[in-house]
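Chains as they are written, first to last, in UniProt numbering: chain A, 1 to 135; chain B, 1 to 664; chain C, 1 to 212.
Shown next, in structure tokens, is the structure this report addresses.
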């Protein structure tokens with residue numbers, strides 16, 4: 001099999017994940033896209049490992065070992081990531097990444113465009129929900 | 001106590017009183033009046049004691065050097081000769097009278113504590129100038145007087161006249177003080193010391209390299225302080241201050257400081273014939289011009305201010321002919337009667353509710369309202385007009401006699417030209433002085449028209465001091481002219497027959513001419529009603545005066561003159577009246593020569609700063625601001641945007657790296 | 001076969017290659033749907049398809065152990081976790097019009113550029129490289145296990161520590177958030193005692209909803 005097939009597929013998947021990370025609004029969808037990127041890397045690792053294990057006499061199977069590690073780390077990452085997203089959702093009432101703009105310049109005093117005005121209405125409702133949940 | 005200790009206490013006590021008054025003025029108002037009067041009174045007693053002990057003998061000279069000050073030492077030095085001792089007594093007397101008078105005059109003034117403290121500080125500074133034996137210490141007192149004068153002239157700072165007058169007084173005197181300072185340094189450099197005794201010693205041995213330059217530089221400072229032409233313009237405007245301040249500062253003490261300074265350093269000036277001639281011309285112009293101007297003034301205090309300038313001209317004239325005895329003699333008698341004139345004028349302004357002579361000439365019975373002021377002012381005006389046997393006669397005759405002595409050319413210390421200039425100008429001024437004194441007296445006390453307002457009796461503190469000062473005005477000259485030469489240089493001060501007859505005759509002519517003119521014009525007074533009185537006649541004298549000053553320009557169209565056809569001065573001066581009323585347009589000249597160019601320069605600088613410099617500054621600021629706006633727009637706080645930019649950069653970098661690596 | 005043999009052309013694909021291509025197309029299409037769909041739950045389900053397709057690709061590449069691990073961990077646990085996350089954050093069921101942020105076009109530009117660059121480079125570099133898939137499987141469980149426990153045992157153990165840390169971290173994150181939300185006990189002691197259970201009570205209906 002041509003090595004180009006898995007390599008190209010991997011590149012395309014990676015870029016698809018990249019698009020998802022950059023374009024998706026929901027934090028959980030962003031996490032899914034991250035998974036896509038990781039899997040693209042895994043495919044690359046497996047393909048090259050298979051290729052190398054045929055060409056070299058002695059091999060450590062480092063590609064496959066690394067793939068396993070990546071899978072394990074991805075599982076850990078998704079766990080932590082989801083915990084963070086849940087905590088954010090609990091505190092802010094939203095999991096939308098583009099509404100978490102605390103680092104913006106003039107964040108407190110400048111409700112300019114439609115997104116920010118949406119934030120200003122969404123946040124209080126989220127807070128009231130939280131307050132109801134607490135009470 | 002030794003004489004030195006007493007002499008040190010004399011300036012020190014008012015200074016401590018001033019400090020205590022400033023500190024306690026708010027917290028303990030009860031102490032303010034004693035703190036104002038008592039130290040000054042004590043200083044008067046001590047100064048008299050010093051004078052008695054000194055007794056016209058050898059000068060008391062003491063010095064201590066606090067710290068080494070470089071090549072030319074500065075020492076705390078006392079130098080008390082007969083001049084210093086007597087002038088200090090005069091300063092103490094006038095200051096005490098003024099402090100007592102002020103307790104009544106500014107009875108209800110909320111700023112009285114600071115006022116009294118400043119007057120005390122001023123008194124202390126004047127004592128320092130009088131007693132100091134070191135030129136730099138003298139300069140300290142000189143400048144402290146300048147700043148006190150600024151504050152006191154601006155006492156009624158609510159009125160624009162007072163504000164303008166205080167700034168003008170400060171600027172004009174400082175204008176003279178700059179060359180004065182340079183002159184002091186030049187003098188000390190030539191003489192090698194700031195000590196007056198050493199300077200005089202150096203002069204006696206011909207040690208001065210640039211006597212004319214030094215004398216002229218010092219003369220500028222003296223002209224500023226003593227209100228001599230051409231730096232006299234601040235003095236009439238300084239009448240916007242309270243009357244006691246005018247009496248103390250602008251009649252008896254501060255303006256006398258310049259004369260006193262020349263008297264102390266007369267040998268320095270005598271070393272330069274040119275300086276003496278300049279001094280004589282300055283004195284002559286000052287005397288004659290101020291006499292004419294005084295004849296045209298409507299404000300009673302401005303009449304007295306111009307008369308002060310003229311009398312100071314007599315003193316500088318006496319100095320120009322090298323007779324400092326005559327100069328200081330006139331200083332003493334003038335200090336007494338001019339302080340009296342001002343204090344009496346304050347009483348009259350309070351009683352009449354106006355400072356305008358035109359308004360007073362339309363009041364009947366003003367003299368019955370203020371009999372004390374009437375009688376004492378009559379004495380003082382007679383002294384001013386140099387009618388025998390009042391003290392002004394003797395002192396003025398001594399000046400004229402000295403000038404006449406010089407005209408004969410017997411003396412080597414003063415040129416004969418100076419003698420002629422001073423003599424002629426002195427005689428002309430005697431005529432003018434008598435004329436304006438008579439005009440003042442007639443207009444103020446012999447008005448016809450409505451009854452003068454009755455505000456009850458004047459405070460006792462204000463009337464008693466008038467009589468205290470009337471005594472020396474009346475008798476000082478006659479009693480002192482024989483004994484004073486012992487205190488001074490020993491030159492005879494007795495009036496000579498020729499000048500006495502001439503001077504007195506001229507003065508009498510002046511009085512008679514004014515009286516005739518007054519008889520002629522007074523009929524018109526009833527036809528032209530004129531006059532405005534203060535809005536709060538029941539207030540204390542200070543308030544009445546402040547209101548009178550503030551309303552003079554709106555009521556009469558000008559701060560100095562009034563359109564009064566019944567004014568004998570107007571008849572006598574004819575077409576000259578218009579120019580004399582505004583001080584011969586000297587203010588306008590200064591305005592055109594100095595104020596306008598400075599203002600033009602200031603507006604040019606403002607234009608350059610606002611339009612040129614600021615344009616560059618704004619231009620320099622605009623580009624970063626645009627960049628900042630653009631960069632700020634990028635800071636959306638959206639993490640995805642940041643990551644997008646980051647990854648886009650990464651892609652670009654990777655492609656570039658690839659292209660470079662493959663050699664494309 | 002060895003490298004010395006004649007190069008294989010792209011126009012005469014082998015059977016494995018055809019299978020790989022087809023499955024790859026499905027995988028790539030599912031991935032595209034995952035990142036573009038407006039229904040959030042569908043995105044998770046399409047992710048399952050993508051990950052499953054990748055597992056098949058691993059199988060085709062003879063890495064069978066990896067393939068099963070992929071199925072077990074990704075399809076079995078990660079996707080389920082993601083679904084739970086969607087439920088817990090109250091993701092809307094059905095089409096949500098604002099699934100994509102305003103950054104979409106910039107993201108598309110970056111992604112296409114990156115894809116173009118990567119594909120160009122990869123194809124340029126590996127267009128002649130051939131993987132020989134015959135012979136013993138390169139990623140059988142035996143081979144992988146031997147490699148893992150002979151050569152990679154220390155990283156493997158370190159990885160267990162990392163997993164433990166992630167476990168603890170996730171718990172801490174959740175508990176901390178819980179403590180913050182229930183921190184102000186205002187009125188009564190009874191409320192304070194019962195408060196720790198409140199977030200759990202909130203969670204349970206959400207989970208039930210997700211299970212439905």
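Ideal placement from N, C-alpha and C gives every residue a C-beta, glycine not left out.
None of the values given here were measured: they were computed from a predicted structure.
- At the C-beta level, residue 157 of chain C and residue 6 of chain A stay beyond 8 Å of one another.
- The straight-line gap separating the alpha-carbon atoms of residue 46 of chain C and residue 621 of chain B is approximately 55 Å.
- With a cutoff of 8 Å on beta-carbon distance, residue 295 of chain B and residue 94 of chain B are scored as not near each other.
- Annotated as proximal: residue 170 of chain B and residue 150 of chain B, with beta-carbon spacing under 8 Å.
- Going by C-alpha positions, residue 98 of chain A is about 15 Å away from residue 633 of chain B.
- Cβ atoms of residue 466 of chain B and residue 576 of chain B stay farther apart than 8 Å, at about 34 Å.
- Interface residue (Cβ-Cβ distance to chain A less than 8 Å): residue 171 of chain B is not classified as such.
- Residue 79 of chain B: member of the beta strand (DSSP E) spanning 76-80, first to last residue.
- Look at residue 234 of chain B here: in three-state DSSP terms it is helix.
- Taking C-beta atoms as the reference points, residue 1 of chain A and residue 34 of chain C fail to come closer than 8 Å.
- Here residue 26 of chain A carries a strand assignment [DSSP, helix/strand/coil].
- Here the stretch 123-131 of chain B makes contact with the stretch 79-95 of chain B; the two share three or more CB pairs at distances below 8 Å.
- With a threshold of 16 other beta carbon atoms within 10 Å, residue 300 of chain B meets it and is buried.
- Closer than 9 Å at the C-beta level to chain B, one finds these residues of the stretch 20-31 of chain A: 21, 22, 23, 24, 25, 30.
- Excluding five sequence positions before and after residue 321 of chain B, the CB atoms of its chain that fall closer than 6 Å to its own CB belong to 402, 403, 406, 414, 418, 419, 422, given in chain order.
- The DSSP-derived three-state label of residue 145 of chain B is helix.
- At least one CB of chain B lies nearer than 8 Å to the CB of residue 103 of chain A.
- The beta carbon of residue 583 of chain B sits closer than 6 Å to those of 293, all from its chain and outside the five residues before and after it, given in chain order.
- Between residue 81 of chain C and residue 78 of chain A, the beta carbon gap of about 6 Å places them in contact (Cβ cut-off 8 Å).
- Rounded to whole angstroms, residue 90 of chain B and residue 472 of chain B show a C-alpha spacing of 10 Å.
- Membership of residue 63 of chain B in any alpha helix (DSSP H) is not indicated; the residue belongs instead to the beta strand (DSSP E) covering 60-64.
- Among the CB atoms of chain C, one or more fall inside 8 Å of the CB of residue 87 of chain A.
- Note: residue 356 of chain B is bridge-paired with B:299 in the DSSP secondary-structure output.
- DSSP places residue 367 of chain B within a helical segment (H, G or I) once states are collapsed to three.
- Within chain C, the residues 117 have their CB atoms less than 7 Å from the CB of residue 655 of chain B, given in chain order.
- DSSP places residue 433 of chain B in the helix class (H, G or I) of the three-state scheme.
- By the CB criterion at 8 Å, residue 40 of chain A and residue 119 of chain C fall outside the cutoff.
- Straight-line spacing of the CA atoms in residue 85 of chain C and residue 71 of chain C works out to 20 Å.
- Below 8 Å, too few C-beta pairs join the stretch 442-451 of chain B and the stretch 67-77 of chain B to call them touching: fewer than three.
- With its beta carbon less than 8 Å from one in chain B, residue 98 of chain A belongs to the interface.
- Identification of chain A residues near residue 639 of chain B by a Cβ-Cβ cut-off of 9 Å yields 97, 98, 100, 101, 103, ordered along the chain.
- For residue 176 of chain B, the enclosing alpha helix (DSSP H) covers residues 160-191.
- Interface flag for residue 110 of chain C against chain B is set, since a Cβ pair is found closer than 8 Å.
- Taking each of C:26, C:75, C:113 in turn and checking the Cα distance to residue 652 of chain B, the smallest one comes out for C:113.
- Judged by beta-carbon spacing, residue 118 of chain B lies within the 8 Å limit of residue 148 of chain B, meaning their Cβ atoms are closer than that value.
- At a cut-off of 8 Å, the C-beta of residue 92 of chain A has no neighbouring C-beta in chain C.
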